[in-house]
Amino acid sequence: MSEQLYNLAFVFPGQGSQSVGMLNDLAGHYPEVRRIFERASDTLDKDLWALVANGPEQELNQTQNTQPAMLAAGVAVWEVWCKHSKVRPAWMAGHSLGEYTALVCSEALSFEDGIRLVATRGRLMQEAVPAGMGAMAAILGLEDHQVVKLCTDVAENEVVAAVNFNSPGQVVIAGHTAAVERAIAAAKEAGAKRSVLLPVSVPSHCLLMKPAADKLNEYLQECAIDMPQMTLIHNVDVTPHSASEVIRNALKEQLYKPVRWSDTIKFMYEQGVTRFVECGPGKILAGLNKRIAKNAEHIAIYDPETLNKLLEQLNG
49 MSEQLYNLAF VFPGQGSQSV GMLNDLAGHY PEVRRIFERA SDTLDKDLWA
99 LVANGPEQEL NQTQNTQPAM LAAGVAVWEV WCKHSKVRPA WMAGHSLGEY
149 TALVCSEALS FEDGIRLVAT RGRLMQEAVP AGMGAMAAIL GLEDHQVVKL
199 CTDVAENEVV AAVNFNSPGQ VVIAGHTAAV ERAIAAAKEA GAKRSVLLPV
249 SVPSHCLLMK PAADKLNEYL QECAIDMPQM TLIHNVDVTP HSASEVIRNA
299 LKEQLYKPVR WSDTIKFMYE QGVTRFVECG PGKILAGLNK RIAKNAEHIA
349 IYDPETLNKL LEQLNG
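Just so you know, the working numbering puts the end of the sequence shown at 364, numbered straight through with nothing missing.
So, in structure tokens, the structure goes:
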């Protein structure tokens, strides 16, 4: 019988946490990892583990490959956790793509449907904006409202918007390439500590993704979505939902509306969450979360050492 802890949240990373060789150590100790990737490979008719283990990096970083690889990685770590611990979180969330991983791990969405959905999502995103037409940039050291305003000020009938509110002082913007470049210049003038283009080809979470979202909605309608077994906080409105149609709409809107990550972590912390566990390769979210909920504990599990440390803490 599992034990659900109301002060515990598991969160799942999105694109940007992938790397060639990710989860190799964990896979060497726990066969669940390879089994999950085999299921993903069978679903896509593509050897996803070979791509993750050996690269090439350029191919892994193509969004239609990154998204299923990251979902499989997050689910693999979760499966290992569930096999070796009876402790379950009462709360879940995922950053952008990671929201799909959370839906799979909370038993709202089947693994195979999740893999197919995110592969399709990646393909539709790539098709929505021709290469070179869109860009994303990280703005560090400004207040959220400053970034929102400077995007409005420099838009000039193009799209540029604050799209990832990642943590205090870290906002990602997206839109047409020229408009993003104007926003970078304006951010530097406004005193940003750093304003840099990100190495991505798709301007996620802005209005340029609206056509992709409309097409994705057709695929969402074909997938069975149940009520999550944990309270799952959605990116787009920082709210849990139980009705399948409302969840589908949240996933559709997530593609062209901002990821409110700071608000998501803040909300769960205010509900009594004192331990946030990043479940998946890397520790990007743990770093962000420390700056949002400073008095909570933040852990990332992605290899045998980090997994065993948390198992000792929670199983003891």
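The C-beta atom is built at its ideal place from N, Cα and C for all residues, glycine as well.
Excluding its 5 nearest sequence neighbours in each direction, SER50 has C-beta neighbours in its own chain below 6 Å: LYS134 and ARG136, listed in chain order. Per the C-alpha coordinates, the member of ASN297, VAL128 and LYS331 positioned closest to CYS153 is VAL128. The beta carbons of PRO116 and LEU96 sit closer together than 8 Å. Annotated as proximal: ALA348 and GLY330, with beta-carbon spacing under 8 Å. The segment 262-276 and the segment 118-125 do not touch, with fewer than three beta-carbon pairs separated by less than 8 Å.
When C-beta atoms of the segment 209-222 are compared with those of the segment 178-198, three or more pairs fall below 8 Å, so the two segments count as touching. In the three-state reduction of the DSSP assignment, CYS327 falls in the strand class. ASP161 and LYS338 have their C-alpha atoms spaced approximately 32 Å apart. The segment 296-303 makes no contact with the segment 65-76, as fewer than three CB pairs between them are under 8 Å. MET278 has its alpha-carbon roughly 18 Å from the corresponding atom of GLY328.
Assignment of MET184 by DSSP, reduced to helix, strand and coil, places it in the strand class. Per DSSP, GLN63 lies in no alpha helix (DSSP H) and is assigned neither H nor E. Beta-bridge partners assigned by DSSP to PRO137: LEU53.
The beta carbon of GLY62 sits closer than 6 Å to the beta carbons of HIS143, SER144, LEU145 and GLY146 from its chain, once the five residues preceding and following it are set aside; these are given in chain order. By the Cβ-count criterion, TYR317 is buried, with 16 or more other Cβ atoms from all chains shown falling within 10 Å of its own Cβ. Straight through space, the alpha carbons of ARG164 and VAL207 are spaced by roughly 29 Å. Residue state for GLY223 is assigned as strand, using DSSP reduced to three classes.
Excluding the 5 residues flanking it on each side, LEU256 has same chain C-beta neighbours closer than 6 Å at VAL177, GLY182 and VAL207, in chain order. Of LEU92, GLU229, VAL284 and TYR350, the smallest CA-CA separation from GLU204 is found for GLU229.
When secondary structure is reduced to three states using DSSP, ALA210 falls in the strand class. PHE324 sits away from ILE281, with the two beta carbons spaced by 8 Å or more.
Remark: C-beta atoms of ALA240 and LEU190 approach each other more closely than 8 Å.
Per DSSP, reduced to three states, the secondary structure at GLN277 is coil, with no helix or strand assignment.
The alpha carbon of PHE85 has as its nearest neighbour, out of GLN106, GLU175, SER292 and PHE159, the alpha carbon of PHE159.
Nearest C-alpha to ARG171 among VAL250, HIS132, LEU245 and GLU237: VAL250. Per DSSP, reduced to three states, the secondary structure at ARG242 is strand.
Each residue's CA atom was taken as its position, placing ASP274 and LEU188 some 38 Å apart.
Here GLN269 is exposed. Its C-beta has fewer than 16 other C-beta atoms within 10 Å. In the three-state DSSP reduction, ALA203 falls in the coil class, being neither helix nor strand. Listed in chain order, the beta strand (DSSP E) elements of length 3 or more contained wholly in the segment 66-123 amount to none. Under the DSSP assignment, GLU155 falls outside any alpha helix (DSSP H); it carries neither an H nor an E label.
Residue range 292-302 is occupied by the alpha helix (DSSP H) that includes GLU293.
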